[in-house]
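Asks: Yeah, the sequence shown ends on 170 if you go by my numbering, and it's all consecutive. Here a beta-carbon is modelled for each residue, glycine too, at the ideal position from N, C-alpha and C. Quantities reported herein were computed from a predicted structural model and do not represent experimental measurements. Attaching a single structure in structure tokens format; questions to follow.
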Amino acid sequence: MNRTEIRVRYSETDQMGVVYHANYLAWFEVGRVEYLRDIGLDYRAMESQGIMVPVLEVNCKYRHPAKYDDIVTVETRLSEVKRAKFYFEYMVFRKEDSELLATGRTEHIFVDSEFRPINLKKQHPQMWEKLNR
């Protein structure tokens, strides 16, 4: 699991003074990128090898609002790895009081530069190994 802290910027809030719902998806991406970096993978290196990991599906359940200047913690966990797909789960907490603000899940597919699915286990065993530690 990876924990990433983010301070809510004013531009991330809406007219009601709470974080606009789509910004949680951007926070999921921050958590995901940091998770991969922590295990020795990063998007830039993967893309330079012709591997991309687009999002196939995203889910987010909003529980409580985050507001301007809150510090939130995004907990990111790789929940499942298949030969051509992988899944992350997220929990977003307000740091100050540990209140759970949102939960989510993303599904990704490994594709080549032509957007054709690839079998990561077979074609890139070193990356496969890092994801399965």
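(1) To the nearest whole angstrom, what separates the beta carbons of Met-38 and Arg-114, a pair I think is in contact under 8 Å?
(2) List the whole-angstrom C-beta distance separating Ile-146 from Ile-88, where the pair is believed to meet the contact cut-off of C-beta under 8 Å.
(3) Nearest chain D C-beta to Asp-79 closer than 7 Å, yes or no?
(4) According to DSSP, which residues form a beta bridge with Lys-122?
(5) What are the partner residues of Glu-42, as DSSP defines its beta bridges?
(6) Here's the rule: buried if 16 or more other CB atoms are within 10 angstroms of the residue's CB, otherwise exposed. What is Ala-103?
(7) Compare the C-alpha of Glu-151 against each of Asn-169, Gln-86 and Tyr-99 and name the closest.
(8) Closest by CA to Arg-74, which one among Ser-48, Thr-41 and Cys-97?
Replies: According to the structure data:
(1) By one-based count along the sequence shown, residue 38 stands at place 1. By one-based count along the sequence shown, residue 114 stands at place 77. About 5 Å; that satisfies the 8 Å criterion.
(2) Here residue 146 refers to the residue found at position 109 of the sequence shown. Here residue 88 refers to the residue found at position 51 of the sequence shown. In this structure, Ile-146 and Ile-88 do not form a Cβ contact; the two beta carbons are roughly 11 Å apart against a cut-off of 8 Å.
(3) The structure shown has no chain D; it contains just one protein chain.
(4) In the sequence shown, residue 122 corresponds to position 85, counting from 1. BP columns for Lys-122 point to Ile-146.
(5) Locating residue 42 in the sequence shown gives position 5, counting from the first residue. Note: Glu-42 sits in a beta bridge opposite Thr-110.
(6) Reading the sequence shown from its first residue, position 66 is the one you call residue 103. Burial call: buried.
(7) Taking the first residue of the sequence shown as 1, we reach residue 151 at position 114. Comparing Cα positions, the closest option is Gln-86.
(8) As a working note, residue 74 is residue 37 in the sequence shown. It is Thr-41 whose Cα lies nearest to the Cα of Arg-74.
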